[in-house]
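The opening residue of the sequence shown carries number 69 in my numbering; numbering runs sequentially from there.
For glycine and all other residues, C-beta sits at the position ideal for the given N, C-alpha and C.
To keep things clear, I will list the structure first and then write my remarks on it.
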Amino acid sequence: MALQEQEDQNNDNEEFHGEEQNGKEEEHKPSAFTGLRRNDSLDVEAGNLSTTPNHSKNEDWKKMMALAFQSLGIVYGDIGTSPLYVFSSTFTDGIKDKDDILGVLSLIYYTITLIPLVKYVLIVLRANDNGDGGTFALYSLICRHSKVGLMPSQQAEDRDVSNFNLELPNRRSQRASKLKAILETTMFAKYFLLVATMLGTAMVIGDGILTPCISVLSAVSGLKQATSSLDDGKIAWISVAILILLFMVQRFGTDKVGYTFAPIITIWFICIATIGIFNFCKYDPLVFKAINPIYIVHYFRRNGKTAWISLGGVVLCVTGVEALFADVGHFSVRSIQISMCSMVYPSLIIAYSGQASYLRQHMDDVSNTFYKSIPETFYWPMFVIAILAAIIASQAMISGAFSIIQQSLSLGCFPRVKIIQTSTKYEGQVYVPEMNYIIMIACVVITLVFQNTSKIGNAYGIAVVFVMTLTSAFIVLIMIMIWKLNIVLVILYILVLGSIELLYLSSVLYKFNDGGYIPVGFAVFLVAIMIIWNYVYRMKYMYEMEHKVPTERMTEIVADPNLRRVPGLALFYSELVKGIPPIFEHYINNVPALHSVLVFVSLKSLPISKVPRDERFLFRRVGPPELLLFRCVARYGYKETWSNEHETFESLLVQGLKEFIKREGLKGNEEIEKEVGVVEKEMELGVVHLLGESEVVAKNGASFWKRMVIDYAYHYMKRNLRQQDEVFTIPRHRLLKVGMNIEL
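See the structure below:
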């Protein structure tokens with residue numbers, strides 16, 4: 069490992085001192101801020117955390133049911149509104165045979181049962197990352213159990229973190245070791261996993277674009293039944309007005325209206341189930357015979373290729389299923405399982421059965437099945453509830469897109485955008501202004517161009533099925549490498565669920581020219597941006613590692629008689645976790661002055677979702693104690709932002725610094741109190757934020773591809789996106805930017 073070897077050559081015989089990791093729970097609770105007693109290796113210590121479970125294992129029943137109820141509004145809005153458009157998207161050319169309805173209903177039964185219920189509720193939810201889920205959770209689990217991470221800030225020492233080591237003793241460890249060795253020794257495998265994660269991320273963001281389009285458009289299309297004067301164009305414009313309003317209120321955060329989500333979605337599920345029972349009893353109670361999979365066989369025999377193509381519409385019955393896993397961090401595994409099994413699954417089965425019963429008597433109404441099947445008395449109440457449910461479904465996916473952008477940004481895989489924490493009550497509720505308006509414009513354009521749910525459904529299907537397939541691929545790796553399941557169970561998973569998802573994927577890809585190109589094109593564009601940004605980010609980090617300032621040179625710099633020590637406390641920011649960044653020497657050469665107290669701050673992202681707040685900061689000295697020079701690593705998980713603390717970042721950091729000085733044990737009590745007093749005094753005089761802004765350029769002789777990536781693509785993104793001080797919300801009057809050119 070290049071980074072580790074470089075550090076080993078320059079570690080100046082630093083000695084690690086900390087709690088030993090014996091695979092057992094620590095007997096003592098860590099102090100508010102971790103202190104180091106000697107010249108410790110901050111590099112190793114930066115990877116050590118104590119186990120702090122995110123979810124209690126002994127949740128009482130009342131709290132569990134409350135979480136299950138709340139999850140209805142956040143998790144199930146998308147899959148809950150799928151009855152609005154599934155039958156119309158499946159039978160795009162009308163129903164040719166009455167028994168085709170039973171074939172499609174049977175497909176819906178088994179799709180909802182096997183994918184959301186069996187795959188996600190019973191299997192995938194087990195792969196949560198300390199209570200959190202989603203594509204990045206799966207990737208981080210794999211990274212923690214094998215050296216496949218390409219992020220330059222992730223070092224081998226991170227594997228010493230207690231809650232990284234999740235392996236269980238098992239006789240099947242030999243197979244797991246072989247797979248781990250393949251992943252660790254093959255660069256292609258490392259890049260493939262990273263790019264696959266980026267692609268999954270891009271598809272989830274694509275979901276955030278397509279869900280509002282198809283949900284709102286499907287709900288508003290119910291107006292056609294009330295008045296014949298509304299055509300597709302007018303319906304599209306009404307939908308656009310609702311969408312614009314939805315995106316305009318995003319900056320207020322879901323916390324302001326979130327308390328209404330669960331009751332509305334609960335009413336929605338009760339209503340569609342009630343209407344389903346009514347239609348089932350009134351029109352054709354025998355549709356339940358579709359539970360027999362023989363009707364699927366007959367459906368394919370009658371329709372052949374047409375039946376295969378129609379699978380792209382059937383799979384829309386599980387849209388939003390990824391939210392079951394992605395949003396588990398806001399609730400708990402058991403609460404998601406309870407809400408799915410007790411309310412969502414039975415309501416959807418009954419709703420689709422009722423629609424099928426209605427269609428058996430009214431085959432010509434398939435293009436607007438949902439609203440046509442509603443009894444006339446309940447039409448307007450259901451229309452209002454459908455609009456509200458569609459907005460909630462859209463809100464959930466938009467919020468999910470913001471959250472996954474935050475995760476990508478924390479791991480160096482996304483250009484700098486501003487992340488705003490919209491709730492002090494709920495973690496993970498964020499707002500990304502730039503992406504909000506990009507997604508809004510995309511929604512408006514797609515809605516006005518297509519004006520109906522048929523082609524949007526084709527696009528939606530690709531995004532949904534691709535993310536499901538990617539999740540299955542990651543789950544197979546986890547089954548073998550981490551869970552160490554019997555190979556028979558792994559093969560059974562691949563043969564049953566894997567083959568079903570690949571069949572659906574082949575169907576939706578067939579409709580590439582009929583709207584399917586939208587999510588694919590968007591994903592390719594977004595992945596290209598992420599790859600370029602991540603590539604330059606890693607190259608820049610490697611350059612700083614190779615040119616970092618040695619300890620001997622730091623001593624020479626501070627001992628220079630021409631160097632002045634000015635009052636105040638300075639925080640010098642750098643992404644470099646190991647050593648002093650080269651930009652510091654560049655700064656001293658141009659500004660021969662140093663603040664009385666200087667802390668080199670490194671923001672480090674660990675491949676876990678959250679870092680306990682009392683283990684956020686780690687400190688060590690740089691040089692002799694009288695210099696008052698320190699290094700600090702501020703550690704964050706991929707679901708956290710550094711500016712989301714209730715207290716200011718600098719106050720927490722200085723508090724941790726004082727605690728470190730007190731616990732260090734290098735001086736007597738009187739000298740310790742004196743040094744703490746100096747730190748407090750210098751902070752009162754003023755805190756200055758020194759922010760390194762390195763300008764990267766391709767060096768002479770670089771290849772054409774490298775020049776295009778660095779000098780044009782990367783620079784264009786950097787110029788048109790927010791600067792670091794805007795992202796970190798550093799006060800302008802206390803900010804000093806330090807510039808430096810780097811040739812890569």
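Nearest neighbour of residue i, chosen from the options [CA to CA]
i, options, result
"Val722", "Asn737, Val701, Glu708, Glu739", "Val701"
"Ile509", "Asp779, Arg194, Ile277", "Ile277"
"Lys440", "Ala294, Gly760, Tyr561, Leu594", "Ala294"
"Lys667", "Thr716, Ile597, Val755, Ile625", "Contrary to the premise, residue 667 reads as Val rather than Lys in this sequence. Closest by alpha carbon: Val755."
"Tyr26", "Ala287, Ile183, Leu812", "Here the chain has residues from 69 to 812 only, and residue 26 is not among them."
"Phe438", "Tyr420, Val452, Asn520", "Tyr420"
"Trp601", "Arg370, Val544, Tyr780", "Tyr780"
"Ala304", "Ile506, Ser378, Val517, Trp129", "Val517"
"Thr179", "Tyr363, Ile332, Val383, Arg212", "Val383"
"Glu624", "Glu569, Val690, Tyr561, Lys579", "Val690"
"Ile810", "Ala424, Glu727, Val764, Ala527", "Val764"
"Trp336", "Gly397, Thr515, Phe446", "Phe446"
"Ala596", "Thr158, Tyr782, Val645, Ser425", "Tyr782"
"Leu804", "Asn768, Lys774, Gly760", "Gly760"
"Ile488", "Ser677, Phe260, Arg369, Phe470", "Phe470"
"Met271", "Val532, Ile740, Leu311", "Val532"
"Asn581", "Tyr655, Leu538, Ser522, Arg606", "Ser522"
"Val216", "Gly162, Gly201, Phe260", "Phe260"
"Gln475", "Lys166, Ser208, Gly141", "Ser208"
"Phe315", "Ala627, Met465, Leu545", "Met465"
DSSP three-state assignment for residue i, whether helix, strand or coil
i, result
"Val690", "coil"
"Gln89", "Residue placement at Gln89 cannot be trusted, given a pLDDT of 34 that sits under 50; what the coordinates show is reported in the next sentence. Three-state DSSP puts Gln89 in coil, outside helix and strand."
"Lys767", "coil"
"Val659", "coil"
"Arg800", "helix"
"Leu697", "strand"
"Arg430", "The sequence shown places His at residue 430, not Arg. In this structure, His430 counts as coil in the three-state DSSP scheme."
"Tyr814", "Since the first and last residues shown for the chain are 69 and 812, residue 814 lies out of range."
"Asp682", "helix"
"Ile810", "strand"
"Ser818", "Shown here, the chain extends from 69 to 812; a query on residue 818 therefore has no answer."
"Lys805", "strand"
"Phe399", "coil"
"Leu117", "Note that Leu117 scores 49 on pLDDT, short of 50, meaning its location in the model is unreliable and no value can be drawn from it."
"Ile487", "coil"
"Asp168", "helix"
"Gly589", "helix"
"Phe668", "strand"
"Ile163", "coil"
"Ser762", "strand"
The alpha helix (DSSP H) enclosing residue i, as first and last residue numbers
i, result
"His213", "203-213"
"Thr521", "521-546"
"Cys511", "501-518"
"Gln475", "447-478"
"Tyr572", "567-578"
"Asn436", "Here Asn436 belongs to no alpha helix (DSSP H), and DSSP marks it neither H nor E."
"Trp376", "373-382"
"Ser139", "129-143"
"Glu718", "717-732"
"Val558", "555-561"
"Glu739", "737-753"
"Trp773", "772-775"
"Val564", "Unbroken run through Val564: none, as it is neither H nor E."
"Asn788", "783-788"
"Val9", "Residue coverage of the chain in this structure runs from 69 to 812, which leaves residue 9 outside it and unanswerable."
Residue i at chain B interface by Cβ criterion, 8 Å
i, result
"Asn630", "No chain B is part of this structure, which consists of one protein chain only."
Just to confirm the assignment: which complete beta strand (DSSP E) runs, minimum length 3, are found wholly within the segment 592-645?
632-642
Cβ contact (3+ pairs, closer than 8 Å) linking the segment 547-555 and the segment 571-590:
Because the criterion of three Cβ pairs below 8 Å is not met, the segment 547-555 and the segment 571-590 do not touch.
Length-filtered (4 minimum) alpha helix (DSSP H) runs lying within the segment 271-350:
291-294, 300-316, 329-350, all fully within the segment 271-350.
Quick test of the definition: if touching needs 3 or more C-beta pairs under 8 Å, does the segment 349-369 touch the segment 164-172?
Enough Cβ pairs lie closer than 8 Å, so yes.
Okay, do the segment 447-455 and the segment 367-385 touch, 3+ Cβ pairs below 8 Å being the bar?
no
Please determine if the segment 641-661 and the segment 724-734 are in contact, where contact requires at least 3 C-beta pairs separated by less than 8 Å.
no
Count the C-beta pairs between the segment 397-406 and the segment 132-142 that are closer than 8 Å, then say yes if the count reaches three, no if not.
yes
Does the pairing of the segment 261-269 with the segment 532-542 give three or more beta-carbon distances under 8 Å?
Contact annotation: the segment 261-269 touches the segment 532-542, with at least three C-beta pairs closer than 8 Å.
How about the segment 672-680 and the segment 186-202: do they share at least three Cβ pairs that are nearer than 8 Å?
yes
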